[in-house]
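Heads up: the sequence shown begins at 50 in the numbering used here, then just goes up one per residue.
For glycine and all other residues, C-beta sits at the position ideal for the given N, C-alpha and C.
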Amino acid sequence: MKTFLIATAAVATLAIGTAASAQDVGHVYGSLGYQQTDNDKTDTKLGSVNARVGTKITPHFGVEGEAAFGTDDDNTAAGRTKLTNKVGVYGVGYLPVSSSFDLIGRVGVSDTKLKSPAVNGKYEQGTALDYGVGAQYHINPEYALRADYTRSDFQSDKGTANTATISLVKAF
């Protein structure tokens, strides 16, 4: 009986969350935030401004594009290194926990370019498979706060990067 009650409560919670998030399907959202990236290949911690645009295709799945531009640099043996830009595209999964709180998972690809004096001013870390998790709290129907973690696995043995992002999301 106890197991039945727990299962019923879990299904009811998911159903309420799904109904609440169904109104977001088809709407475009944008976000602006700050991210900190720890890069193992360059041994740097780089800060950047992050912008995203996306849409929910279903209550549980959406797509988003991302662009980031460096704001902070880090000192390495090669000199000061800075993120020039990062662009990516992702599939995003949403698990509504309540009408105001979502858990997020995302998978996609990105391309990263760094500025470093040791390699003629540019270093292309290149294409990466990105995957991550996060959470989003809806302040009201228009605005949400989002925090997420993304790991980038670069091709051709160019290392990995771990990125933590906090952003303000606006629904349109």
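Between A210 and Q85 a beta carbon distance of about 11 Å is seen, past the 8 Å cut, so the two are scored as non-contacting. Taken through DSSP and simplified to helix, strand or coil, D121 comes out as coil. N189 has no beta-bridge partner at all, per DSSP. Counting every other CB atom within 10 Å of its CB across the protein chains shown gives S159 a total of 16 or more, marking it as buried.
T199 counts as buried, since no fewer than 16 other beta carbons sit within 10 angstroms of its beta carbon. For D87, the uninterrupted beta strand (DSSP E) run begins and ends at 77 to 88, by DSSP. When DSSP states are grouped into helix, strand and coil, D206 belongs to the coil group.
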